[in-house]
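One line per chain: the protein sequences are E and G, in this order.
Note that this note's numbering gives residue 113 to position 113 of the first sequence, counting from 1, and the numbers run on in steps of one.
Take the position in the second sequence, starting the count at 1, then add 1000; the result is the number in this note's numbering.
The beta-carbon is built from N, C-alpha and C at its ideal position, and this holds for glycine as well.
Bear in mind the structure is a predicted one, so any value in this text is a computation, not a measurement.
Some notes on the structure that comes next.
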Amino acid sequence: DTAVSQTPKYLVTQMGNDKSIKCEQNLGHDTMYWYKQDSKKFLKIMFSYNNKELIINETVPNRFSPKSPDKAHLNLHINSLELGDSAVYFCASSRLTGDSQETQYFGPGTRLLVL
Amino acid sequence: AQKITQTQPGMFVQEKEAVTLDCTYDTSDPSYGLFWYKQPSSGEMIFLIYQGSYDQQNATEGRYSLNFQKARKSANLVISASQLGDSAMYFCAMRGPFPSKLTFGTGTRLQVTL
Chain E
1 DTAVSQTPKY LVTQMGNDKS IKCEQNLGHD TMYWYKQDSK KFLKIMFSYN NKELIINETV
61 PNRFSPKSPD KAHLNLHINS LELGDSAVYF CASSRLTGDS QETQYFGPGT RLLVL
Chain G
1001 AQKITQTQPG MFVQEKEAVT LDCTYDTSDP SYGLFWYKQP SSGEMIFLIY QGSYDQQNAT
1061 EGRYSLNFQK ARKSANLVIS ASQLGDSAMY FCAMRGPFPS KLTFGTGTRL QVTL
């Protein structure tokens, strides 16, 4: 059973195109995240949703639009793709409580290459 | 603001030896969590171990232990009896209170040799 799944695993596309990445978790968590890992392996938070409500929106171009149809799904839509968007995008999920110790579990990543 | 520093870009260790990966952190929040993740060459992020800021004892998970020194703001990962399969990137991360994003360090690439 896959806990956090992402599709597609690989995405190769041309500059200017619009693409979406889907994420689903079956852990019963109420919070989901998108992280971006750049070519130097640095990981940075992009967005987070808790029960379909946006709670984290870091400084990300507005070409990136997350959407959470329900608490088990968090999709990422990217408009007008640019070369610099090439990266690995990770989805993660956790329970959100007042305690900071909830572990985030990651999906396998989506490797996006913009040509 | 939270900050995680990993000063070792790369480390080598011989099989069956122990290795310590360094991590220091900075935060003004009294409540936080510290995590280590492993990223093998296949790319997935694997959760290894967690330490809470109020935990009195160091966390252990099998061959992994976390050497937590709160006054020094360090949370080093110790891997005992290294195995070839431990070769990977290792990331230290911190999670604060709501909205609880993870802040990552730059990672340490560990290579286990025969």
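Whole-Å CB distance - residue i paired with residue j, under 8 Å assumed
{"i": "residue 1019 of chain G", "j": "residue 1082 of chain G", "result": "6 Å"}
{"i": "residue 1023 of chain G", "j": "residue 1077 of chain G", "result": "7 Å"}
Reference residue i; option with closest CA among the options
{"i": "residue 1101 of chain G", "options": "E/111, E/34, E/66", "result": "E/34"}
{"i": "residue 1105 of chain G", "options": "E/81, E/43, E/58", "result": "E/43"}
{"i": "residue 1097 of chain G", "options": "G/1004, G/1029, G/1007", "result": "G/1029"}
{"i": "residue 16 of chain E", "options": "E/78, E/62, E/92", "result": "E/78"}
{"i": "residue 1027 of chain G", "options": "G/1002, G/1045, G/1108, G/1044", "result": "G/1002"}
{"i": "residue 1065 of chain G", "options": "G/1055, G/1044, G/1050", "result": "G/1050"}
Beta bridge counterpart(s) of residue i as assigned by DSSP
{"i": "residue 42 of chain E", "result": "Bridge partners of residue 42 of chain E: none, in fact."}
{"i": "residue 1069 of chain G", "result": "G/1074"}
{"i": "residue 1079 of chain G", "result": "G/1019, G/1064"}
Neighbourhood of residue i by C-beta, 8 Å cutoff - its chain only, sequence neighbours within 5 removed
{"i": "residue 1015 of chain G", "result": "1082, 1083, 1084, 1112, 1113, 1114"}
{"i": "residue 109 of chain E", "result": "6, 9, 37, 88, 89, 90"}
{"i": "residue 1093 of chain G", "result": "1004, 1034, 1035, 1036, 1037, 1102, 1103, 1104, 1105"}
Residues of its chain near residue i, where Cβ-Cβ distance is below 6 Å and the 5 sequence neighbours each way are ignored
{"i": "residue 113 of chain E", "result": "12, 86"}
{"i": "residue 1013 of chain G", "result": "1019, 1082, 1112"}
{"i": "residue 1095 of chain G", "result": "1033, 1102"}
Report task. Give a yes or no on contact between the segment 1083–1094 of chain G and the segment 1024–1040 of chain G, applying the rule of three or more CB pairs nearer than 8 Å. Result -> The answer is yes - the segment 1024–1040 of chain G touches the segment 1083–1094 of chain G, with three or more Cβ pairs under 8 Å.
Query raised in the report: Do the segment 18–25 of chain E and the segment 65–81 of chain E touch if we need at least three Cβ pairs shorter than 8 Å?
Result: yes
Query raised in the report: Is it true that the segment 84–95 of chain E meets the segment 1063–1072 of chain G, where meeting means three or more beta-carbon pairs spaced less than 8 Å apart?
Result: no
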